[in-house]
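Following: one structure in structure tokens, then a few remarks.
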Amino acid sequence: MPKSPAPPKRRLPRAKSKPPAKKRRSPPSELLKLVGARIREVRLERGYSQDHLAYSIPMDRAYVGLIENGKSAASIITLVKFAIALECEVGDLFPYIEDLKPYADWLDEE
Numbered sequence: 001m002p003k004s005p006a007p008p009k010r011r012l013p014r015a016k017s018k019p020p021a022k023k024r025r026s027p028p029s030e031l032l033k034l035v036g037a038r039i040r041e042v043r044l045e046r047g048y049s050q051d052h053l054a055y056s057i058p059m060d061r062a063y064v065g066l067i068e069n070g071k072s073a074a075s076i077i078t079l080v081k082f083a084i085a086l087e088c089e090v091g092d093l094f095p096y097i098e099d100l101k102p103y104a105d106w107l108d109e110e
């Protein structure tokens, strides 16, 4: 008996493609350096070493160094931990507004 022809293959509907997600830009390295320098300044005003600050959070001392050197961006949770350990307001850990003005264009894009 002859074989019956195979049924035609059905194509599955294609999934609708999503528009590309808006790529988030990293903060400019100079902005991270300003924030890190301000954190270091407050830490030194309190007479704390990086080790003391890291122990009181707790956090790895190397990570404190990365933040202070502007090589890593601190999360808001980390900034709150810094503020508690340094006995200051979170806002005290940010650079002065005059230092931030060159970054106004970048900040407006968010």
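All residue numbers for the sequence shown refer to UniProt numbering, where the first residue is 1 and numbers rise by one. We put the beta carbon where it would ideally sit given N, CA and C, even for glycine.
Counted as a single uninterrupted DSSP element, the alpha helix (DSSP H) harbouring ARG43 occupies residues 29-45. A direct Cα-to-Cα measurement between GLY91 and LEU79 gives close to 9 Å.
For LYS81, the enclosing alpha helix (DSSP H) stretches over residues 76-86. In this structure LEU86 touches VAL42 by the C-beta definition: roughly 5 Å separates them, less than 8 Å. For the pair ARG38 and GLN50, the CB atoms are not nearer than the 8 Å cut-off. By the C-beta density criterion, ALA104 is exposed, having fewer than 16 other C-beta atoms within 10 angstroms. Inter-residue distance for LEU31 and ILE67 is about 11 Å (C-alpha atoms, whole angstroms). Judged by DSSP in its simplified three-state form, TYR63 adopts helix.
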